[in-house]
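Colleague:
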């Protein structure tokens, strides 16, 4: 648990230290002595970036109240600057789950005007708020057993680039140094 707190991006260093102290108080004196020296949240470890903690609270409350969320999404332009996508368009999402993978949080949900699921990375979101509009239930948007559909979507889509799966064949000619290396290896066997 202490490792998770140390790696969490949604908590500040102050919050990480509070959680750490509470966890240490749940263990024995010997455990406290051992673990207190091992784990010490530092600014470089706990990456409480921007408003991620606040946004998680908004999302959890929106899911509890069955409300949509709205936000602006960012991208990196050719000058390597973070800019709002689509001239600052406000996205509205039926949020179904929050997924954490490879130190990033992903929002999994659907838009009213599109079929199927979509995902957004939380660290690329700006100006999130809870909408007054009711969420369209997942069963209505993606069919029966939405939990299974969402899990399948996560396996296929999160941490991957979207697009069609294609098969490619690569043909190459080994460089002379590579051939020499293989000849040396074969001579040793």
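Residue numbers (the numbering used here): 18 to 206.
Note that CB positions come from ideal geometry on N, CA and C, so glycine has one too.
1. Determine the contact status of residue 115 and residue 101, defining contact as a CB-CB distance below 8 Å.
2. Starting from residue 166, trace the alpha helix (DSSP H) both ways and give me its first and last residue.
3. State the start and end residues of the unbroken alpha helix (DSSP H) segment that holds residue 38.
4. Going by DSSP, what residue range makes up the beta strand (DSSP E) through residue 126?
5. In whole angstroms, what is the alpha-carbon distance linking residue 158 and residue 203?
6. If you measure between the beta carbons of residue 83 and residue 32, is that distance less than 8 Å?
7. Identify which residue in 48, 73 and 94 has its Cα closest to the Cα of residue 122.
8. Starting from residue 69, follow the alpha helix (DSSP H) in both directions and report where the run begins and ends.
9. For residue 64 and residue 41, what's the separation of their Cα atoms in angstroms?
10. So the alpha helix (DSSP H) residue 115 belongs to, where does it begin and stop?
11. Kindly indicate which three-state DSSP category residue 101 falls into: helix, strand or coil?
12. Roughly how many whole angstroms lie between the Cα atoms of residue 170 and residue 44?
13. Around the Cβ of residue 126, are there at least 16 other Cβ atoms within 10 angstroms (buried) or fewer (exposed)?
14. Could you check what DSSP says for residue 190 in three-state terms: helix, strand or coil?
15. Is residue 188 buried or exposed, if buried means 16 or more other CB atoms sit within 10 Å of its CB?
16. Going by DSSP in three states, residue 45 sits in which element: helix, strand or coil?
Modeller: This is what the structure gives:
1. Residue 115 places its beta carbon 8 Å or farther from that of residue 101.
2. Following the DSSP letters along the chain, one finds residue 166 inside the alpha helix (DSSP H) bounded by residues 163-174.
3. Residue 38 -> alpha helix (DSSP H) spans 30-42.
4. Taken as a continuous stretch (DSSP letters only), the beta strand (DSSP E) holding residue 126 covers 121-127.
5. So the two alpha carbons sit approximately 59 Å from each other.
6. Pairing residue 83 with residue 32 gives a Cβ-Cβ distance that is not under 8 Å.
7. For residue 122, the closest of 48, 73 and 94 by C-alpha to C-alpha distance is 73.
8. Looking at the DSSP string, the run of the alpha helix (DSSP H) that includes residue 69 is 69-82.
9. At residue 64 the pLDDT is 46, less than 50, meaning the model places this residue with poor confidence; the figure from the coordinates comes in the next sentence. Taking the Cα positions, residue 64 is about 21 Å away from residue 41.
10. Run containing residue 115: none in the alpha helix (DSSP H); it sits in the beta strand (DSSP E), 108-118.
11. Residue 101 carries a strand assignment under DSSP once its states are collapsed to helix, strand and coil.
12. Between the alpha carbons of residue 170 and residue 44 lies a gap of roughly 39 Å.
13. It counts as buried.
14. Note: residue 190 maps to coil in three-state DSSP.
15. By the neighbour-count rule (16 or more Cβ atoms within 10 Å), residue 188 is not buried but exposed.
16. In the three-state DSSP reduction, residue 45 falls in the coil class, being neither helix nor strand.
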